[in-house]
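Report on the structure given below.
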Amino acid sequence: MNRENLMAAVKEQMPERRWQHTLGVMETSVMLAERFGGDAVKADIAAILHDYCKYWPIEEQAKIIRENGLPQDLLAFDKELWHSHAGAFIAKTQFGIDDEEILDAIRYHTSGRERMTQLDKIVCLADYMEPGRDFPGVDFIRELAKSSLEKALIAGFDSTISFLLSKGKRIYPLTILTRNDLIEEVQ
Ligand code: DGI
Ligand code: FE
Ligand code: FE
Ligand code: FE
77 MNRENLMAAV
87 KEQMPERRWQ
97 HTLGVMETSV
107 MLAERFGGDA
117 VKADIAAILH
127 DYCKYWPIEE
137 QAKIIRENGL
147 PQDLLAFDKE
157 LWHSHAGAFI
167 AKTQFGIDDE
177 EILDAIRYHT
187 SGRERMTQLD
197 KIVCLADYME
207 PGRDFPGVDF
217 IRELAKSSLE
227 KALIAGFDST
237 ISFLLSKGKR
247 IYPLTILTRN
257 DLIEEVQ
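Listed below in structure tokens is the structure:
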């Protein structure tokens, strides 16, 4: 499927404001890839697809995880963590994306993971700081992103973890491992 058709397929899956977010992540991913010497073409494709399953019925997302050997531990944590894994599965099976780097960037865009690839970092950070995002601390993340993917991502995960703490929610352990790993990387 060519890029235009892929974009049309994604747009159909979500409300207009989420499509605008996707356009913002695409633009920001490409900008970060150019800034840090990453693969802008792969970043663009991963960004297009990253939230494909975000608005799918939650039971459908759970079913994809249950029935296709995706990490079962996700099901014990916040439902917001599911669409990224479901999305990577659909990207592969429905859209024939077979580039593991692109699939990983989709798969880990919410939780992060240890030893994130440059593409993982670009898409995850773009998701935090695209122009439509407006949460306390987002301008600080954009400032850090001028010189360091890792420092900006740490600030992003700090903000997510603080948010989850403030809501009394559980935190997916991989998110903590991701933050520890990024801190080690910048030391
Ligand atoms: O899909 P988006 O809204 O664009 O962003 P995302 O895929 O990064 O999802 C972020 C949401 O996931 C955010 O509201 C916090 C929620 N979340 C719930 N539990 C966790 C979590 N995010 C992380 N990183 N780790 C968690 O354990
Ligand atoms: Fe997402
Ligand atoms: Fe995110
Ligand atoms: Fe997103």
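Per the numbering used here: the sequence shown = residues 77 to 263.
Heads up, the beta-carbon is just placed ideally off N, CA and C, and yes, glycines get one too.
On a predicted model such as this, the values are computed, not experimentally measured, just so you know.
8 Å contact criterion, which residue i and residue j should meet: CB distance rounded
{"i": "L231", "j": "F216", "result": "Correcting the residue identity first, residue 231 is Ala in this sequence and not Leu. At roughly 6 Å, the Cβ-Cβ gap stays under 8 Å, so A231 and F216 are in contact."}
{"i": "I247", "j": "L225", "result": "Not a contact, Cβ separation roughly 22 Å."}
{"i": "A167", "j": "Y128", "result": "7 Å"}
Residue i vs residue j beta-carbon contact at 8 Å
{"i": "H97", "j": "I182", "result": "no"}
{"i": "L201", "j": "A228", "result": "yes"}
{"i": "G130", "j": "M102", "result": "Reading off the sequence shown, one finds Lys at residue 130, where the question assumed Gly. Not a contact, by the Cβ cut-off of 8 Å."}
{"i": "L82", "j": "F165", "result": "no"}
{"i": "M192", "j": "T104", "result": "no"}
{"i": "N179", "j": "G114", "result": "Residue identity check: residue 179 is Leu in the sequence provided, not Asn. Contact: no."}
{"i": "I237", "j": "R255", "result": "yes"}
Residue i - containing alpha helix (DSSP H), residue span
{"i": "T186", "result": "Looking at the DSSP string, T186 is not in any alpha helix (DSSP H), and its letter there is neither H nor E."}
{"i": "G232", "result": "225-242"}
{"i": "C200", "result": "194-205"}
{"i": "F112", "result": "92-112"}
{"i": "I140", "result": "134-143"}
{"i": "L250", "result": "249-262"}
{"i": "G163", "result": "158-169"}
{"i": "F216", "result": "214-220"}
Residue i to residue j span [Cα, whole Å]
{"i": "S70", "j": "A152", "result": "Shown here, the chain extends from 77 to 263; a query on residue 70 therefore has no answer."}
{"i": "D203", "j": "R93", "result": "14 Å"}
{"i": "V117", "j": "V106", "result": "8 Å"}
{"i": "R142", "j": "L258", "result": "30 Å"}
{"i": "L250", "j": "D154", "result": "13 Å"}
{"i": "D149", "j": "A123", "result": "25 Å"}
{"i": "G213", "j": "S235", "result": "7 Å"}
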